[in-house]
Structures are given as structure tokens and as C-alpha cells.
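Numbering of the sequence shown is given in the numbering used here, commencing with residue 57 and proceeding in unit increments.
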Amino acid sequence: MVVVVVLALFSIKTALAALKEDHPTARETPYEPMDRRC
């Protein structure tokens, strides 16, 4: 039960911080297919 409460609080805190930002907060790497010619 404690784990669920802590996870919920962390999720709410993170979501509120993300909503305050003007730019996307995701740190994504563009997809580059691997070269299969070996």
C-alpha cells in the first residue's frame, strides 16, 4: 500500500512539473534503422 501511495505522489508531482514547462520534456533519440549490410 505504501508503494502505491508513493508512486501516486511521485506521478502527480512529475505531471504537474511537466505541465508547467512550455517545451516538451521528453528526451527522445531520433529513430535510425541499423545498417544490415555486414
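Even glycine gets a Cβ: it sits at the ideal position worked out from N, Cα and C.
The three-state secondary structure of Ala74, taken from DSSP, is helix.
DSSP, reduced to helix, strand and coil, places Ala64 within a helical segment of the structure shown. The straight-line gap separating the alpha-carbon atoms of Glu88 and Ala71 is approximately 29 angstroms. At the C-beta level, Ala74 and Thr85 stay beyond 8 angstroms of one another. When the Cα atoms are used, Arg83 and Val61 turn out to be separated by approximately 27 angstroms.
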